[in-house]
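Student: Residue numbers 0 to 446, in numbering that gives the first Met the number 0, belong to the letters of the sequence shown in order.
Note that CB positions come from ideal geometry on N, CA and C, so glycine has one too.
All values reported here derive from a predicted model rather than from experimental measurement.
Below is one structure. I have some questions about it.
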Amino acid sequence: MALSLKPFASVASKASRGFAAHASRPGCPRRFASVAQAKREGPLDGIRVLDMTRVLAGPYCTQILGDLGAEVIKIEHPARGDDTRAWGPPFARYSRDSPKEGPGESAYFLSVNRNKKSLALSFADPKGVEILHKLAASSDILVENYLPGSLKKYRMDYDTIHNLNSSLIYASITGYGQNGPYSSRAGYDVMVEAEMGLMHITGERDGPPVKVGVAVTDLTTGLYTSNAIMASLIARGRTGQGQHLDVALSDCQVATLANMASSVLISGERDMGRWGTAHPSIVPYKGFRTLDGDILLGGGNDRLFGILCDRLGRSAWKTDERFITNNSRVANRVELERLIEDVTKTKSTKEWLDLLEGSGMPYAAINDVMDALNHRHVQARGMVTQVEHQECGTVKLVSPPVKYSDSVTSIRSAPPVLGQHTDEVLMGLLGMEEAEVEDLRKKGVVA
Numbered sequence: 000m001a002l003s004l005k006p007f008a009s010v011a012s013k014a015s016r017g018f019a020a021h022a023s024r025p026g027c028p029r030r031f032a033s034v035a036q037a038k039r040e041g042p043l044d045g046i047r048v049l050d051m052t053r054v055l056a057g058p059y060c061t062q063i064l065g066d067l068g069a070e071v072i073k074i075e076h077p078a079r080g081d082d083t084r085a086w087g088p089p090f091a092r093y094s095r096d097s098p099k100e101g102p103g104e105s106a107y108f109l110s111v112n113r114n115k116k117s118l119a120l121s122f123a124d125p126k127g128v129e130i131l132h133k134l135a136a137s138s139d140i141l142v143e144n145y146l147p148g149s150l151k152k153y154r155m156d157y158d159t160i161h162n163l164n165s166s167l168i169y170a171s172i173t174g175y176g177q178n179g180p181y182s183s184r185a186g187y188d189v190m191v192e193a194e195m196g197l198m199h200i201t202g203e204r205d206g207p208p209v210k211v212g213v214a215v216t217d218l219t220t221g222l223y224t225s226n227a228i229m230a231s232l233i234a235r236g237r238t239g240q241g242q243h244l245d246v247a248l249s250d251c252q253v254a255t256l257a258n259m260a261s262s263v264l265i266s267g268e269r270d271m272g273r274w275g276t277a278h279p280s281i282v283p284y285k286g287f288r289t290l291d292g293d294i295l296l297g298g299g300n301d302r303l304f305g306i307l308c309d310r311l312g313r314s315a316w317k318t319d320e321r322f323i324t325n326n327s328r329v330a331n332r333v334e335l336e337r338l339i340e341d342v343t344k345t346k347s348t349k350e351w352l353d354l355l356e357g358s359g360m361p362y363a364a365i366n367d368v369m370d371a372l373n374h375r376h377v378q379a380r381g382m383v384t385q386v387e388h389q390e391c392g393t394v395k396l397v398s399p400p401v402k403y404s405d406s407v408t409s410i411r412s413a414p415p416v417l418g419q420h421t422d423e424v425l426m427g428l429l430g431m432e433e434a435e436v437e438d439l440r441k442k443g444v445v446a
């Protein structure tokens, strides 16, 4: 049955631009995208984001929105900026001709703040709040990560902003959410990893719990938030109204326990603990030492185990009663894994990669981060981009990961220096006079 595309086009148009009244806000031009225009635009082209976040979860979310084409205005403290500006080393050093002093721009800050404009502004001053209200009135999205209730005294809470702009989507990222017994607690990635089960299932079998190598709870929370914002834009296309998104690191971490949580819920028993690189119910399926590093091997079924035996030069294992089925291999895990590692330690990782090439079985070198970034497949997929930074010259950044057939996603601008776009936003967007901005700068309201 043929379906009319008109209802879908209507929703998409309203979601990306708002209703007519919303689209005609002062200083916020909106276009109704045609198919031809969309082919060369980012999916969120024309969407404005007021970014009141710092550190990782929030900035990661807003960077995703920026990568997708949104205009992101990042609000930073006029003296110190985002906390992560000071988190180093390493730093991208300032160029010789830069007037900036200090170690440079931190790698941490650079990792999650591209495609943003930096407005250095204090909202402890009433004039700063007035500026934020004007920006909120002309924005589609506001993302903040303050403790619940903290922004109310600055009149930047959801209820106040909703009264100013009912079509704005207001996302709050916190450690434990807007309600519940822990809602007033500050939440940090590692604390949530510990409390919500992730650390308990991470680490070597006989070792202590360990945190994941990156702040994965912050990152998944940023992803969940950006996804919720996209859904809210579509909902706004139907209703014309924004809404409040309550996003908690604790909730997101529980959600990403996935099959581990499901196993406990269904069985009523405690989890199976830590397995390192191994799999609790498939053997062999783990990392093994080589002559010069490590390699991960996966014999996920009897056929793949047979291939592994042949490539290791141990074909007799295929008919050994201890290893002939996965059940028997699980029962004899320790012995089989020891035998495999005795073999893998005789050659370099590259030699094993060459021997396993084309085998059809799962295998991979266990690379450090530099080797991962220099990996020929990573390079072929364009996952590292060079950009020109205003004060540091050429810097390398990890690229947006998703490739679109029609839309354009790119790193349009390097992560900003503190206050790089203050004049542009205040004078260009809000229409303030230069003298007024300079007066605010002298008073320390902006920088």
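Below 8 Å on the Cβ atoms is my guess for Tyr362 versus Leu295; work out the distance and round it to an integer in Å.
Tutor: Translated into the one-based positions of the sequence shown, residue 362 becomes position 363. Translated into the one-based positions of the sequence shown, residue 295 becomes position 296. Right, the Cβ-Cβ distance comes to about 7 Å (below 8 Å), so this counts as a contact.
Student: If I measure Cβ to Cβ from Leu49 and keep anything under 8 Å in the same chain, skipping five residues before and after, which residues do I get?
Tutor: For the purposes of this step, residue 49 is taken as residue 50 along the sequence shown, with counting starting at 1. Ile72, Ile74, Leu131, Leu134, Ala135, Ser138, Ile140, Leu141, Val142.
Student: Exposed or buried, what is Ala123 when buried is set at 16 or more other beta-carbons lying within 10 Å of its beta-carbon?
Tutor: Along the sequence shown, one-based indexing puts residue 123 at 124. Burial call: exposed.
Student: Pick helix, strand or coil for Ala85, following the three-state DSSP scheme.
Tutor: Along the sequence shown, one-based indexing puts residue 85 at 86. DSSP places Ala85 in helix when its eight states are reduced to three.
Student: With Gly292 and Ala371 assumed to form a contact (beta carbons below 8 Å), what rounded beta-carbon distance in angstroms separates them?
Tutor: Working through the sequence shown from its first residue, we reach residue 292 at position 293. Working through the sequence shown from its first residue, we reach residue 371 at position 372. With a Cβ gap of about 13 Å, Gly292 and Ala371 do not count as contacting.
Student: Could you tell me which of His161, Leu429, Glu129, Arg95 sits nearest to Tyr153, measuring between CA atoms?
Tutor: In the sequence shown, residue 153 corresponds to position 154, counting from 1. The candidate whose alpha carbon is nearest that of Tyr153 is Glu129.
Student: Please report the distance separating the alpha-carbon of Val246 from that of Tyr223.
Tutor: Here the question's residue 246 lines up with position 247 in the sequence shown. Here the question's residue 223 lines up with position 224 in the sequence shown. Answer to the nearest angstrom: the Cα atoms are 8 Å apart.
Student: Quick check: the segment 258 to 272 against the segment 213 to 229, are there 3 or more CB pairs under 8 Å?
Tutor: Cβ pair count under 8 Å is below three, so no.
Student: I'd like the span of the alpha helix (DSSP H) that includes Ile160, first residue to last.
Tutor: Against the sequence shown, residue 160 aligns to sequence position 161. Looking at the DSSP string, the run of the alpha helix (DSSP H) that includes Ile160 is 157 to 163.
Student: Threshold first: 4 residues or longer. Then list the alpha helix (DSSP H) segments lying entirely within the segment 284 to 337, N to C.
Tutor: If we require 4 residues or more, the alpha helix (DSSP H) runs fully inside the segment 284 to 337 come out as 301 to 311, 325 to 330.
Student: CB Asp44 to CB Gly65, shorter than 7 Å?
Tutor: Residue mapping note: residue 44 aligns to position 45 of the sequence shown, counting from 1. Residue mapping note: residue 65 aligns to position 66 of the sequence shown, counting from 1. No; because the gap between Cβ atoms is not below 7 Å, this pair is not in contact.
Student: Is it buried or exposed, Leu439, if we count other Cβ atoms within 10 angstroms and call 16 or more buried?
Tutor: Sequence index remark: in the sequence shown, residue 439 carries index 440 (1-based). Classification of Leu439: buried, given that the 10 Å Cβ count is 16 or more.
Student: Which whole-angstrom value is the C-beta distance of Glu340 and Arg273, which I expect to be below 8 Å?
Tutor: The residue given as residue 340 occupies position 341 in the sequence shown. The residue given as residue 273 occupies position 274 in the sequence shown. Not quite, the Cβ-Cβ distance comes to about 19 Å (not below 8 Å), so this is no contact.
Student: DSSP puts Lys116 in a beta bridge; with which residues?
Tutor: Here the question's residue 116 lines up with position 117 in the sequence shown. According to DSSP, Lys116 bridges with Ile72.
Student: Give every residue of the same chain whose Cβ lies closer than 7 Å to the Cβ of Gly427, excluding the five residues on either side of it in the sequence, and list them in chain order.
Tutor: Position 428 of the sequence shown holds residue 427. Nothing listed; no residue qualifies.
Student: Mark Glu433 as exposed unless 16 or more other C-beta atoms lie within 10 angstroms of its C-beta, in which case mark it buried.
Tutor: For this step, residue 433 is matched to residue 434 along the sequence shown. So Glu433 counts as exposed.
Student: Report yes if the C-beta distance between Val111 and Gln62 is below 7 Å; otherwise report no.
Tutor: One-based indexing of the sequence shown puts residue 111 at position 112. One-based indexing of the sequence shown puts residue 62 at position 63. In this structure, Gln62 lies closer than 7 Å to Val111 by Cβ.
Student: Determine the extent of the beta strand (DSSP E) in which Lys441 is found, giving its start and end residues.
Tutor: Position 442 of the sequence shown, counting from 1, holds the residue named residue 441. Where Lys441 is concerned, there is no enclosing beta strand (DSSP E), although the alpha helix (DSSP H) it sits in stretches over 433 to 441.
Student: Residue range of the beta strand (DSSP E) that His376 falls in?
Tutor: In the sequence shown, residue 376 corresponds to position 377, counting from 1. Unbroken run through His376 is the alpha helix (DSSP H), 375 to 379; no beta strand (DSSP E).
Student: According to DSSP, what are the bridge partners of Gly236?
Tutor: Position 237 of the sequence shown, counted from the start, is the residue given in the question as residue 236. Gly236 is not bridged to any residue.
Student: If contact is defined by three or more beta carbon pairs under 8 Å, each pair taking one atom from either stretch, is the segment 315 to 327 in contact with the segment 374 to 382?
Tutor: Touching, no.
Student: Ordered along the chain, which non-local residues of its own chain (more than five positions away) have a Cβ less than 8 Å from that of Asp270?
Tutor: Residue mapping note: residue 270 aligns to position 271 of the sequence shown, counting from 1. Once the five neighbours on either side are set aside, the close Cβ partners of Asp270 are Gly196, His199, Ile200, Met259, Ser262, Val263.
Student: Can you list, in chain order, the residues of its chain with a C-beta nearer than 6 Å to that of Ser121? Leave out the 5 residues immediately preceding and following it.
Tutor: As a working note, residue 121 is residue 122 in the sequence shown. The answer, listed in chain order, is Pro77, Gly127, Val444.
Student: Could you check which residue in Val394, Gly41, Gly297, Gly57 has the C-alpha nearest to that of Gly174?
Tutor: Within the sequence shown, numbered from 1, the residue matching residue 174 stands at position 175. Closest by alpha carbon: Gly57.
Student: What do you get for Pro125, buried or exposed, if any count of 16 or more other CB atoms within 10 angstroms of its CB means buried?
Tutor: As a working mapping, residue 125 is identified with position 126 in the sequence shown. Pro125 should be labelled exposed.
Student: Using the Cα positions of Ile84 and Arg328, report the straight-line distance between them to the nearest angstrom.
Tutor: The sequence position of residue 84 within the sequence shown is 85, counting from 1. The sequence position of residue 328 within the sequence shown is 329, counting from 1. First, the residue type needs correcting, since residue 84 is Arg and not Ile in the sequence shown. Straight-line Cα distance between these residues: approximately 50 Å.
Student: Between Glu203 and Gly286, is the Cβ-Cβ spacing less than 7 Å?
Tutor: Within the sequence shown, numbered from 1, the residue matching residue 203 stands at position 204. Within the sequence shown, numbered from 1, the residue matching residue 286 stands at position 287. Cβ atoms of Glu203 and Gly286: not closer than 7 Å.
Student: Rank Thr216, Gly305, Tyr169, Gly206 by C-alpha distance to the C-alpha of Leu244 and give the top, closest one.
Tutor: By 1-based counting over the sequence shown, the position of residue 244 is 245. Looking at the Cα atoms, Tyr169 is the closest of the given residues.
Student: Enumerate in chain order the residues of its own chain whose CB-to-CB distance from His388 is below 6 Å, with the five nearest sequence positions on each side excluded.
Tutor: Numbered from 1 along the sequence shown, position 389 holds the residue referred to as residue 388. Around His388: Val394, Ala413.
Student: Give me the Cα-Cα distance between Leu352 and Ile172, rounded to the nearest whole angstrom.
Tutor: Along the sequence shown, read from residue 1 onward, the residue named residue 352 stands at position 353. Along the sequence shown, read from residue 1 onward, the residue named residue 172 stands at position 173. Going by the C-alpha atoms only, they are around 43 Å apart.
Student: Taking Lys349 as the reference, which of Val397, Thr384, Val213, Leu290 has the closest Cα?
Tutor: Within the sequence shown, numbered from 1, the residue matching residue 349 stands at position 350. It is Leu290.
Student: Is it right to say Tyr403 is buried, meaning 16 or more other beta carbons lie within 10 angstroms of its own, or is it exposed?
Tutor: The count along the sequence shown starts at 1 and reaches residue 403 at position 404. Under this definition Tyr403 is an exposed residue.
Student: In the DSSP assignment, what are the bridge partners of Val142?
Tutor: One-based indexing of the sequence shown puts residue 142 at position 143. BP columns for Val142 point to Asp50, Ala170.
Student: Could you round the C-beta distance between Gly241 and Leu335 to whole angstroms and report it? I think they count as a contact, below 8 Å.
Tutor: Stepping through the sequence shown from its first residue, residue 241 is reached at position 242. Stepping through the sequence shown from its first residue, residue 335 is reached at position 336. No, Gly241 and Leu335 are not in contact; Cβ-Cβ is about 57 Å, not under 8 Å.
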